[in-house]
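If you count by my numbering, then the sequence shown holds residues 7 to 211, one letter each, in order.
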Amino acid sequence: MPTLDEAVTTVLTPVFAAGSEIGADLALEEVSVTTAGRRQVVRVVVDRAGDEPGDLDLDAVAAASTAVSEALDESGVLGEAPYTLEVSSPGVDRPLTTPRHWSRARGRLVRAVLTDGTALLVRVVSVDEAGVHGTLEPQMVKGKPPRAKDVGAPRDLAWADLVRGEVQVEFRRPGEDVEDLVADPGVDDELDELDDVDDGDEDEQ
Numbered sequence: 007m008p009t010l011d012e013a014v015t016t017v018l019t020p021v022f023a024a025g026s027e028i029g030a031d032l033a034l035e036e037v038s039v040t041t042a043g044r045r046q047v048v049r050v051v052v053d054r055a056g057d058e059p060g061d062l063d064l065d066a067v068a069a070a071s072t073a074v075s076e077a078l079d080e081s082g083v084l085g086e087a088p089y090t091l092e093v094s095s096p097g098v099d100r101p102l103t104t105p106r107h108w109s110r111a112r113g114r115l116v117r118a119v120l121t122d123g124t125a126l127l128v129r130v131v132s133v134d135e136a137g138v139h140g141t142l143e144p145q146m147v148k149g150k151p152p153r154a155k156d157v158g159a160p161r162d163l164a165w166a167d168l169v170r171g172e173v174q175v176e177f178r179r180p181g182e183d184v185e186d187l188v189a190d191p192g193v194d195d196e197l198d199e200l201d202d203v204d205d206g207d208e209d210e211q
């Protein structure tokens with residue numbers, strides 16, 4: 007007999023099928039059903055369909071919530087008990103476990119955990135049938151910085167060697183530079199004001 011999680015997943019799978027109203031834009035990632043008092047809590051995680059990088063906007067999540075709610079009510083899979091529905095997109099801490107996950111992470115910094123127990127920090131460049139292709143990034147190994155020749159070196163990771171990937175949070179993405187900040191007129195004005203203050207201090211001296 008299927009679990010309630012499996013039963014709900016069976017009901018929702020057609021909602022996100024390729025030919026459905028929202029299936030062209032969204033993919034069903036995860037379903038879980040828990041009990042909180044007399045109420046059931048249904049948590050559904052959805053992501054953008056396909057393998058292109060990009061974030062899921064709030065309108066898409068709202069559309070998914072409406073479609074999921076209608077499907078659950080029509081199916082009666084949850085019985086007569088009241089339930090709370092939570093629909094969300096995957097967080098940055100969602101492990102990369104499928105080729106689509108990895109492909110959606112192109113350009114991101116990822117900690118790749120391998121089957122031999124080791125881990126590498128790589129920038130994902132491309133993904134294909136063979137595996138993940140990236141470049142090695144700086145990382146501390148037993149308190150020591152990596153060898154300079156290893157930084158930026160190409161690294162191919164076969165699917166058979168990968169356990170999962172962990173996307174790393176970056177405060178400054180590749181390609182961003184200080185010049186990008188001063189391109190904002192507001193930032194230019196602030197820098198000019200600082201220059202004026204410095205000039206004034208020099209005159210007083």
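Glycine included, C-beta positions come from ideal geometry on N, C-alpha and C.
Taking the continuous alpha helix (DSSP H) assigned at residue i, which residues delimit it?
i    : result
P105 : 105-110
T19  : Neither: T19 is in no alpha helix (DSSP H) and is coded neither H nor E.
Which one of the options has the shortest CA to CA distance from residue i?
i    : options               : result
S81  : A159, A13, V169       : A13
S71  : L102, Q46, I28        : I28
V44  : P96, R110, P88        : Going by the sequence as given, residue 44 is Arg instead of Val. For the residues P96, R110, P88, the minimum Cα distance to R44 belongs to P88.
T104 : L127, V169, G97       : V169
E86  : Q46, L34, R114, V119  : Q46
W165 : T141, V93, R106, S94  : R106
F177 : L102, G97, L126, R114 : R114
G123 : V93, V175, D167       : D167
V175 : V138, L102, L163, V98 : V98
L163 : T90, A23, G140        : G140
For the beta strand (DSSP E) holding residue i, just list the boundary residues, first then last.
i    : result
L84  : Run containing L84: none; DSSP gives neither H nor E here.
T41  : 32-42
P172 : Sequence check: residue 172 is Glu here, not Pro. Per DSSP, E172 belongs to the beta strand (DSSP E) from 168-173.
R45  : 45-54
L115 : 115-120
Give a yes or no on whether the C-beta atoms belonging to residue i and residue j are separated by under 7 Å.
i    : j    : result
R54  : L64  : no
L10  : V39  : yes
L32  : V52  : yes
A111 : V130 : yes
V67  : V50  : no
V116 : R161 : no
S214 : D57  : Summary: the structure shown does not reach residue 214, with the chain confined to residues 7 through 211, and so no result is reported for it.
A69  : V21  : no
A118 : G60  : no
Based on the DSSP secondary-structure assignment, which residues constitute the bridge partners of residue i?
i    : result
G212 : Outside the modelled stretch of the chain, which goes from 7 to 211, sits residue 212, for which no answer is possible.
R100 : In DSSP, R100 forms no bridge with anything.
Would you verify that the beta carbon of residue i is, or is not, closer than 7 Å to some beta carbon of chain B?
i   : result
T40 : Absent here is chain B; the protein component of the structure consists of one chain.
Touch test, the segment 131-144 against the segment 81-93, Cβ-Cβ under 8 Å, three pairs minimum: As far as the Cβ criterion goes, the segment 131-144 does not touch the segment 81-93, which means the pair count is below three.
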